[in-house]
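A.B. asks:
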Amino acid sequence: MLRTFATSKIRPYISLDGLWQMTVNNQEWQVYVPGCRETVPGMENYRGISRYERTVEGEGNLLFAFSGISHTARICLDGKELGRHEGAYTGFSVLAADVKPGEHRLTVDVDNSFGEANALSVPNDYMTYGGIFRSCQMETVASAYLSHLRLIPRKNRDEWAIDVKVRLNGASGITSSEIYCILEEKEYKLGTASVKVGEQVEFSGRFPVRSPGIYSLEHPAFTYVRCVLREDGKDIDDLIERTGLRTIRAQETKILFNGQPVRIRGFNRHEDHALFGSSLPPAAMVQDLQLIKDLGGNAVRTSHYPNDPYFLDLCDEMGILVWEESHARGLSEEQMHHPLFLQQSRQCIEEMILRDSSHPVIFIWGLLNECASCADSCRPIYQELIGLIRSLDDSRPITYATCYPGSEVTGQKPEAKKGYSDGDQCLDLCDVVSFNSYPGWYHSAPSKEYLKKVRNWARQHGGENKPYIVSEIGAGAVYGFRSRTKDKWSEERQADLLQEQLEAIINDEDTCGVFIWQFADCRVSSEWFYGRPRTMNNKGILDEYRRPKLAADRVRDLLPNIR
Ligand code: ADA
Numbered sequence: 001m002l003r004t005f006a007t008s009k010i011r012p013y014i015s016l017d018g019l020w021q022m023t024v025n026n027q028e029w030q031v032y033v034p035g036c037r038e039t040v041p042g043m044e045n046y047r048g049i050s051r052y053e054r055t056v057e058g059e060g061n062l063l064f065a066f067s068g069i070s071h072t073a074r075i076c077l078d079g080k081e082l083g084r085h086e087g088a089y090t091g092f093s094v095l096a097a098d099v100k101p102g103e104h105r106l107t108v109d110v111d112n113s114f115g116e117a118n119a120l121s122v123p124n125d126y127m128t129y130g131g132i133f134r135s136c137q138m139e140t141v142a143s144a145y146l147s148h149l150r151l152i153p154r155k156n157r158d159e160w161a162i163d164v165k166v167r168l169n170g171a172s173g174i175t176s177s178e179i180y181c182i183l184e185e186k187e188y189k190l191g192t193a194s195v196k197v198g199e200q201v202e203f204s205g206r207f208p209v210r211s212p213g214i215y216s217l218e219h220p221a222f223t224y225v226r227c228v229l230r231e232d233g234k235d236i237d238d239l240i241e242r243t244g245l246r247t248i249r250a251q252e253t254k255i256l257f258n259g260q261p262v263r264i265r266g267f268n269r270h271e272d273h274a275l276f277g278s279s280l281p282p283a284a285m286v287q288d289l290q291l292i293k294d295l296g297g298n299a300v301r302t303s304h305y306p307n308d309p310y311f312l313d314l315c316d317e318m319g320i321l322v323w324e325e326s327h328a329r330g331l332s333e334e335q336m337h338h339p340l341f342l343q344q345s346r347q348c349i350e351e352m353i354l355r356d357s358s359h360p361v362i363f364i365w366g367l368l369n370e371c372a373s374c375a376d377s378c379r380p381i382y383q384e385l386i387g388l389i390r391s392l393d394d395s396r397p398i399t400y401a402t403c404y405p406g407s408e409v410t411g412q413k414p415e416a417k418k419g420y421s422d423g424d425q426c427l428d429l430c431d432v433v434s435f436n437s438y439p440g441w442y443h444s445a446p447s448k449e450y451l452k453k454v455r456n457w458a459r460q461h462g463g464e465n466k467p468y469i470v471s472e473i474g475a476g477a478v479y480g481f482r483s484r485t486k487d488k489w490s491e492e493r494q495a496d497l498l499q500e501q502l503e504a505i506i507n508d509e510d511t512c513g514v515f516i517w518q519f520a521d522c523r524v525s526s527e528w529f530y531g532r533p534r535t536m537n538n539k540g541i542l543d544e545y546r547r548p549k550l551a552a553d554r555v556r557d558l559l560p561n562i563r
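At position 409 of the sequence shown the residue is numbered 409 (my numbering), and the sequence of numbers has no breaks.
(1) With a threshold of 7 Å, establish whether the CB of Glu472 neighbours any heavy atom of ligand 1.
(2) Suppose only complete runs of 4+ residues qualify. What are the alpha helix (DSSP H) ranges in the region 487-546, listed by chain order?
(3) Since Ser8 is in the beta strand (DSSP E), which residue starts that stretch and which ends it?
(4) Does at least one heavy atom of ligand 1 sit under 7 Å from the Cβ of Trp517?
(5) Per DSSP, which one or two residues make a beta bridge with Ile389?
(6) Beta strand (DSSP E) containing Val56: first to last residue?
(7) Within this structure, are the beta carbons of Ile132 and Val40 separated by less than 8 Å?
(8) What do you reckon, is the C-beta of Arg329 under 7 Å from a heavy atom of ligand 1?
(9) For the pair the region 525-539 and the region 501-512, tell me if three or more CB-CB distances fall below 8 Å.
(10) Assign Ile174 to buried or exposed, taking buried as 16 or more other Cβ atoms, counted over all protein chains shown, within 10 Å of its Cβ.
(11) Output the boundary residues of the beta strand (DSSP E) element that contains Pro208.
(12) What do you reckon, are the CB atoms on Val322 and Phe363 nearer than 8 Å?
(13) Got a sec: does ligand 1 put a non-hydrogen atom nearer than 7 Å to the Cβ of Asp125?
(14) Does any heavy atom of ligand 1 sit closer than 7 Å to the C-beta of His304?
(15) Could you pull out every residue in the same chain whose Cβ sits closer than 6 Å to the Cβ of Ala552, ignoring the five residues on either side in sequence?
(16) Pull up the distance between the alpha-carbon of Gly330 and that of Tyr420, whole angstroms please.
(17) Using the rule of at least 16 other Cβ atoms within 10 Å of the residue's Cβ for burial, across every protein chain shown, is Gly480 buried or exposed?
(18) How would you call Phe64, buried or exposed, if buried means at least 16 neighbouring beta carbons within 10 angstroms?
(19) Nearest to Arg47 by alpha carbon, out of Leu183, Glu334, Phe114, Gln200?
(20) Report the three-state DSSP secondary structure of Cys181 (helix, strand or coil).
(21) For Thr223, count neighbouring C-beta atoms within 10 Å of its own C-beta (all shown protein chains included) and say buried if the count is 16 or more, exposed if not.
(22) Contact check, Asn258 vs Ser216 under 8 Å by CB: the rounded distance?
(23) From the DSSP output, in three-state form, read off Pro282 for me.
(24) Name the DSSP beta bridge partners of Met1, please?
(25) Expressed to the nearest angstrom, what Euclidean distance is found between the alpha-carbon atoms of Arg230 and His148?
(26) If you follow the beta strand (DSSP E) that Tyr597 is in, where does it begin and where does it stop?
(27) Do you know how far the Cα of Thr192 is from the Cα of Gly366?
(28) In the DSSP assignment, what are the bridge partners of Gln460?
(29) With hydrogens ignored, establish whether the beta-carbon of Cys522 is closer than 7 Å to any heavy atom of ligand 1.
(30) Alpha carbon to alpha carbon, how far is Pro405 from Ala375? Give it in angstroms, no decimals.
(31) Under 8 Å between the Cβ atoms of Ser345 and Leu385?
(32) Pick helix, strand or coil for Leu62, following the three-state DSSP scheme.
(33) Buried or exposed: which applies to Glu62, given that a residue is buried once 16 or more other Cβ atoms fall within 10 Å of its Cβ?
(34) So the alpha helix (DSSP H) Tyr310 belongs to, where does it begin and stop?
(35) Spatial neighbours of Asp313 within its chain, please: CB distance less than 6 Å, with the 5 preceding and 5 following residues excluded, ordered by chain position.
(36) Between Val201 and Arg167, which are expected to be in contact by the criterion C-beta below 8 Å, what is the C-beta distance as a whole number of angstroms?
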């Protein structure tokens, strides 16, 4: 299941989840899809290419939909290439047209190696796992089919409407069809078009909602839209999407959800689990969301890439706000000038927004975590990518998490580098300002003064009159390491530091809240962060098995006070 609800009443599909054959250098395994290769005995540290294979039975126009393959994929049917995709965290589909009836061999070459072809998937402070790690399915489509259905709710005074966008794709032959949109059992025509094979046309319209059920975190209520493709009076394809009627706005220093200021009690979370790598089954996703709620949280940040669409559906249903982030973490000026950086960033942003903009709980788009926002040469990149997000979705605020206040805050003279400013120089470009700070952990400044100084600096350097989020605070602890002297890496020390950091935020009503770094410990790429104990990022409040550290109780006591 790619989503938690049925996305079509017409289009036949079969799930491709289950046992596949995997081959690496002539060695074969039976592996479960979705899954990470690293969970296969003997493959815990494998980086490179592997071939996934299985048979499928079908005929006609077969659309193979993948929710996530890490990080590069080449798909073939009976040895003929259907398509390639770069980027682990967004889904894609490839089409095999006019397939003869019978059994066919589907092969997927999966590659997670680092190299010149990848500007965003680089050795980093999280693990780039390998595999078909999210669900996939085979759909049978007609001569034309719909894709990219997305819904944006709009409120004007007390009237609600939904902006609907959908794409028509040609699969085989030339088709002339009519596209309709059904909302509250009323049918509206979106247009008529002919598409050739491989062509894509987009349709859009704004339609009123006459009996609106308002979405709130406490009472999630959904509005469904079904788009239908009609040929000669017959419905040949359809797509269903849902949204929640709610408003979201950054106004002066507040973030308003349904007109009310919200304070974020959030967790940064990597898609990572000791047992499943980045391929968490639905039960583990639900457990994570239950744990977030139990710890007093109301939000999750998908650090540092778009998450599984199934997880986002669960967030909608369980009323957890989401900061969804495009892929990029800690890239230097040089890495941002990689010849493929812009192309791959644009692709990731586009695929994320076209896939996810209907989710009511996504309250903000994020991008470029801790990238080179001090470098003159990178400001145009921030401008361009923030502009791209705005052009694809003007209904949500945009932010990026930075860690560069000026030297007057850090007390450290910046390296006098040509073309670098003393601190972040892109804050004016976004709607909400977000800073990552680790007082007491990476430096010894007391939390209360330090966090306030950072915020004041941001306000004077492009962030005036904007909402402010502390997008990361935290400290490391190795699960089970207790120390009466509260040594570094002990659970005691982590708990104390988090308490100090959280108390500083609770008492600072001028911030819109916090995302704790991080929800659970995660694996990091050994190629880069070998220096971290256990080759893990140990700042989880829970360990990688979701066992609570001492800090969990402290967070559960304190977090609810941010309101
Ligand atoms: C950064 C970064 C995180 C993580 C964290 C840490 O702020 O955004 O991905 O690396 O630091 O643990 O140091």
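Where a beta carbon is used, it is the ideal one built from N, C-alpha and C, also for glycine. Computed from a predicted model, the values in this text were never measured in an experiment.
C.D. replies: If we stick to the structure as given:
(1) Against the sequence shown, residue 472 aligns to sequence position 472. Checking every heavy atom of ligand 1 against the Cβ of Glu472, one is found closer than 7 Å.
(2) 491-506
(3) Counting from 1 along the sequence shown, the entry for residue 8 is found at position 8. Careful: Ser8 lies outside any beta strand (DSSP E) and carries neither H nor E.
(4) As a working note, residue 517 is residue 517 in the sequence shown. Trp517 Cβ: within cutoff of ligand 1.
(5) As a position in the sequence shown, residue 389 is number 389, starting the count at 1. BP columns for Ile389 are empty, so no partner.
(6) Here the question's residue 56 lines up with position 56 in the sequence shown. It spans 49-57 - the beta strand (DSSP E) in which Val56 sits, taken as one unbroken run.
(7) By one-based count along the sequence shown, residue 132 stands at place 132. By one-based count along the sequence shown, residue 40 stands at place 40. The answer is no: Cβ separation not under 8 Å.
(8) Against the sequence shown, residue 329 aligns to sequence position 329. For ligand 1, at least one heavy atom lies less than 7 Å from the Cβ of Arg329.
(9) no
(10) Start at 1 with the first residue of the sequence shown, and residue 174 comes out as number 174. So Ile174 counts as exposed.
(11) As a first step, residue 208 is located in the sequence shown; it is residue number 208 there, counting from the start. That run of the beta strand (DSSP E) goes 200-209.
(12) Locating residue 322 in the sequence shown gives position 322, counting from the first residue. Locating residue 363 in the sequence shown gives position 363, counting from the first residue. Against a cut-off of 8 Å, the Cβ pair of Phe363 and Val322 comes out as a contact.
(13) Within the sequence shown, the letter at position 125 stands for residue 125. At least one heavy atom of ligand 1 is nearer than 7 Å to the Cβ of Asp125, so yes.
(14) Position 304 of the sequence shown, counting from 1, holds the residue named residue 304. Yes.
(15) Position 552 of the sequence shown, counting from 1, holds the residue named residue 552. Only Ile541 meet the Cβ criterion.
(16) Along the sequence shown, read from residue 1 onward, the residue named residue 330 stands at position 330. Along the sequence shown, read from residue 1 onward, the residue named residue 420 stands at position 420. Answer to the nearest angstrom: the Cα atoms are 16 Å apart.
(17) Here residue 480 refers to the residue found at position 480 of the sequence shown. Exposed, by the Cβ-count rule.
(18) Indexing the sequence shown from 1 puts residue 64 at position 64. That one is buried.
(19) Numbered from 1 along the sequence shown, position 47 holds the residue referred to as residue 47. Of Leu183, Glu334, Phe114, Gln200, the residue nearest in Cα terms is Phe114.
(20) Within the sequence shown, numbered from 1, the residue matching residue 181 stands at position 181. Looking at Cys181 - three-state DSSP - the assignment turns out to be strand.
(21) Translated into positions along the sequence shown, residue 223 becomes position 223. Classification of Thr223: buried, given that the 10 Å Cβ count is 16 or more.
(22) Residue mapping note: residue 258 aligns to position 258 of the sequence shown, counting from 1. Residue mapping note: residue 216 aligns to position 216 of the sequence shown, counting from 1. So it is a contact: roughly 6 Å between Cβ atoms.
(23) In the sequence shown, counting from the first residue as 1, residue 282 sits at position 282. Note: Pro282 maps to helix in three-state DSSP.
(24) Within the sequence shown, residue 1 is the residue found at index 1, counting from 1. In the DSSP output, where bridge partners are listed per residue, Met1 has none listed.
(25) Your numbering for residue 230 matches position 230 in the sequence shown. Your numbering for residue 148 matches position 148 in the sequence shown. Cα to Cα, Arg230 sits roughly 17 Å from His148.
(26) With the chain covering 1 to 563 only, the question about residue 597 has no answer from this structure.
(27) Taking the first residue of the sequence shown as 1, we reach residue 366 at position 366. Taking the first residue of the sequence shown as 1, we reach residue 192 at position 192. Computed Cα separation, rounded: 36 Å.
(28) Here residue 460 refers to the residue found at position 460 when the sequence shown is read from its first residue. DSSP lists no partner for Gln460.
(29) Counted from its first residue, the sequence shown places residue 522 at position 522. Not under cutoff, so the answer is no.
(30) The count along the sequence shown starts at 1 and reaches residue 375 at position 375. The count along the sequence shown starts at 1 and reaches residue 405 at position 405. Whole-angstrom Cα-Cα distance: 13 Å.
(31) Position 345 of the sequence shown, counting from 1, holds the residue named residue 345. Position 385 of the sequence shown, counting from 1, holds the residue named residue 385. Contact: yes.
(32) As a working mapping, residue 62 is identified with position 62 in the sequence shown. Strand, per DSSP.
(33) Position 62 of the sequence shown, counting from 1, holds the residue named residue 62. Checking the sequence, you will find Leu at residue 62 rather than Glu. It counts as buried.
(34) Start at 1 with the first residue of the sequence shown, and residue 310 comes out as number 310. Note, Tyr310: alpha helix (DSSP H), 309-318.
(35) Residue numbering aside, residue 313 sits at position 313 when the sequence shown is read from its first letter. Correct list, in chain order: Arg3, Thr4.
(36) Taking the first residue of the sequence shown as position 1, residue 201 is located at position 201. Taking the first residue of the sequence shown as position 1, residue 167 is located at position 167. Yes, Val201 and Arg167 are in contact; Cβ-Cβ is about 7 Å, under 8 Å.
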